[in-house]
Amino acid sequence: MTAATRNDVPVALEGDGVELRLTPIGGGMSVGYITLPQGTDMGPALKGLPDDACPCPHWGYLLKGRIRMRTATGEEEYEAGQAYYWGPGHVPVALEDSELVEFSPSEDFQQVIDHVVAQAG
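In this note's numbering, the protein residues as written are 1234 to 1354.
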């Protein structure tokens, strides 16, 4: 059995108010604690990935805020209190200060994080 508390999880990515804390949780999955300030558009950081979007699926819960998710088939909005599944091919935009807890395949998500870090460098 594995458990993770937000403050005990190491920071994997941060800058401009964005924070991603990430740790393996078991079963090939990682848990991420994510903070996105209002106005954050992950589009520029995802450029160069397939379809310039995140190719990793995520299952999660939006604790606070609102997020618009752009996909090849259109846009959807998510708000605090909703559980979600975001399939491959999405680009998040924070419409309000947002906090999320999500679960993602560890290897796939690490490749996305490595790309985002390289884009920022």
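Where is the CB? At the ideal position from N, CA and C, for every residue including glycine.
Buried versus exposed, by CB contacts within 10 Å (16 or more), residue i
{"i": "ARG1254", "result": "buried"}
{"i": "THR1273", "result": "buried"}
{"i": "ALA1327", "result": "buried"}
{"i": "GLY1322", "result": "buried"}
{"i": "VAL1350", "result": "exposed"}
Beta carbon of residue i nearer than 7 Å to that of residue j
{"i": "GLU1247", "j": "LYS1297", "result": "no"}
{"i": "GLN1352", "j": "ALA1278", "result": "yes"}
{"i": "VAL1317", "j": "GLY1293", "result": "The sequence given here places Tyr at residue 1317; Val does not occur at that position. For TYR1317 and GLY1293, yes; Cβs fall inside 7 Å."}
{"i": "VAL1264", "j": "PHE1336", "result": "yes"}
{"i": "GLU1312", "j": "ARG1301", "result": "no"}
{"i": "GLN1315", "j": "LEU1295", "result": "yes"}
Proximity winner among the options, relative to residue i (alpha-carbon distances)
{"i": "PRO1338", "options": "GLY1281, TYR1311 and PRO1288", "result": "PRO1288"}
{"i": "PRO1325", "options": "GLN1344, GLU1309 and ASP1241", "result": "GLU1309"}
{"i": "GLY1320", "options": "ILE1346, HIS1291 and GLY1261", "result": "HIS1291"}
{"i": "ASP1347", "options": "GLN1315, LEU1295, THR1238 and LYS1280", "result": "LYS1280"}
{"i": "ILE1258", "options": "GLU1340, LEU1282, ASP1249 and ALA1286", "result": "GLU1340"}
{"i": "ASP1249", "options": "ARG1303, MET1275 and ALA1286", "result": "MET1275"}
Integer Cβ distance of residue i from residue j, believed to fall under 8 Å
{"i": "VAL1229", "j": "LEU1269", "result": "Examination of residue 1229 is not possible in this model, given that the chain is present from 1234 through 1354 alone."}
{"i": "ALA1305", "j": "ASP1330", "result": "Not quite, the Cβ-Cβ distance comes to about 27 Å (not below 8 Å), so this is no contact."}
{"i": "LEU1282", "j": "VAL1334", "result": "Wrong, their Cβ atoms sit about 23 Å apart, outside the cutoff."}
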